[in-house]
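**Q**
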Amino acid sequence: MSANVYQVGSGDLTFEIIERIVNENLKLELAPEAKLRIQKCRDYLDRKTVSSKEPLYGITTGFGSLCNKNISPDELGTLQENLIKSHACSVGEEISPVIIKLMMLLKAHALSLGHSGVQLITVQRILDFFNNDVMPIVYDRGSLGASGDLAPLANLFLPLIGVGDVYYKGKKREAISVLDEFGWEPVKLMSKEGLALLNGTQFMSANGVFAMLRAFRLSRKADLIGALSLEAFDGRIDPFMDCIQQMRPHQGR
111 MSANVYQVGS GDLTFEIIER IVNENLKLEL APEAKLRIQK CRDYLDRKTV SSKEPLYGIT
171 TGFGSLCNKN ISPDELGTLQ ENLIKSHACS VGEEISPVII KLMMLLKAHA LSLGHSGVQL
231 ITVQRILDFF NNDVMPIVYD RGSLGASGDL APLANLFLPL IGVGDVYYKG KKREAISVLD
291 EFGWEPVKLM SKEGLALLNG TQFMSANGVF AMLRAFRLSR KADLIGALSL EAFDGRIDPF
351 MDCIQQMRPH QGR
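Going by my numbering, the first residue of the sequence shown is number 111, and it counts up by one from there.
1) Assuming arginine 251 is part of the beta strand (DSSP E), what are its boundary residues?
2) Could you check where the beta strand (DSSP E) with glutamine 356 kicks off and where it finishes?
3) Just tell me which of Val248, Leu216, Arg330 has its CA closest to the CA of glycine 202.
4) Does the Cβ of leucine 334 have 16 or more other Cβ atoms within 10 Å, making it buried, or fewer, making it exposed?
5) Using a 10 Å radius around the Cβ and a threshold of 16 neighbouring Cβ atoms, would you call isoleucine 205 buried or exposed?
6) Can you tell me whether valine 160 is buried or exposed, with buried defined as 16 or more other CB within 10 angstroms of its CB?
7) What number of angstroms, rounded off, separates the C-alpha of threonine 166 from the C-alpha of leucine 176?
8) With distances taken between CB atoms, is the gap from valine 288 to isoleucine 231 smaller than 7 Å?
9) Reducing DSSP to helix, strand and coil, say where glycine 187 ends up.
10) Which term fits valine 208, buried or exposed, when burial requires 16 or more other beta carbons within 10 angstroms of its beta carbon?
11) Please identify the residue among Gln356, Ser257, Lys158, Thr188 whose C-alpha is closest to the C-alpha of glycine 310.
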């Protein structure tokens, strides 16, 4: 990780890395090895879609009760766009920008592993949104829990295809107008991409990560406050000696 840029897909995404990305406002770019993984998986999916004689659920078929309906090759992308549009129905309060950015970071990391079959441009556009503080408007109700944060993720990625609203420079705007301002074309989704974008728990995970980062910060401050308080009261440090702590060798002591 350079001074101002983190390469997504270059390794494990730890709490320490996420905290630095958030606190230092680092920019994101795809690691070279991540680009290779993403493209390799996309190429495989394209070959599989053409060569498979069996229906591929959600790729060459409809969803749910429409699983027996075959989708023609020229409508595979439309199917995925319609999936996002139909599920973009989260309600409630607007999610804060920090959670939105964490959701984009976590989804970009998941896609960078090269198991989802997405296009490179799809992941790159997520990073473009992150780096330029283009914030899709997402609401806090609509997750299905372990089955996926379907509605929140649908709202999050609706602007990628030029639909929905975003916040940019503090103003609520139509997504397509912001795309035009940057010279970005709406992403033309290909087979399976809607599934890849919606199937995930990045909304729950982002909230969990944010809570953990705050907890870590509170824990560090509690240690500092405790040490200063002990000094101020002229307390004894003998109980904190390492040899005493080793009598109860539990993690965290």
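C-beta atoms are modelled at their ideal positions from N, C-alpha and C, and glycine is treated no differently.
**A** Once the coordinates are examined:
1) Counting from one through the sequence shown, the residue named residue 251 turns up at place 141. Where arginine 251 is concerned, the enclosing beta strand (DSSP E) stretches over 249-251.
2) Taking the first residue of the sequence shown as position 1, residue 356 is located at position 246. No beta strand (DSSP E) contains glutamine 356, which DSSP labels as neither H nor E.
3) Counting from 1 along the sequence shown, the entry for residue 202 is found at position 92. Minimum Cα distance to glycine 202 is reached at Val248.
4) Residue mapping note: residue 334 aligns to position 224 of the sequence shown, counting from 1. Exposed, by the Cβ-count rule.
5) Within the sequence shown, numbered from 1, the residue matching residue 205 stands at position 95. Classification of isoleucine 205: buried, given that the 10 Å Cβ count is 16 or more.
6) One-based indexing of the sequence shown puts residue 160 at position 50. Valine 160 should be labelled exposed.
7) Your numbering for residue 166 matches position 56 in the sequence shown. Your numbering for residue 176 matches position 66 in the sequence shown. The sequence shown places leucine at residue 166, not threonine. Approximately 12 Å, taken between the alpha carbons.
8) What you label residue 288 is simply residue 178 of the sequence shown in a count that begins at 1. What you label residue 231 is simply residue 121 of the sequence shown in a count that begins at 1. For valine 288 and isoleucine 231, no; Cβs fall outside 7 Å.
9) Your numbering for residue 187 matches position 77 in the sequence shown. DSSP places glycine 187 in helix when its eight states are reduced to three.
10) Here residue 208 is taken as the residue at index 98 of the sequence shown, counted from 1. With fewer than 16 other Cβ atoms within 10 Å, it is exposed.
11) Against the sequence shown, residue 310 aligns to sequence position 200. Nearest C-alpha to glycine 310: Ser257.
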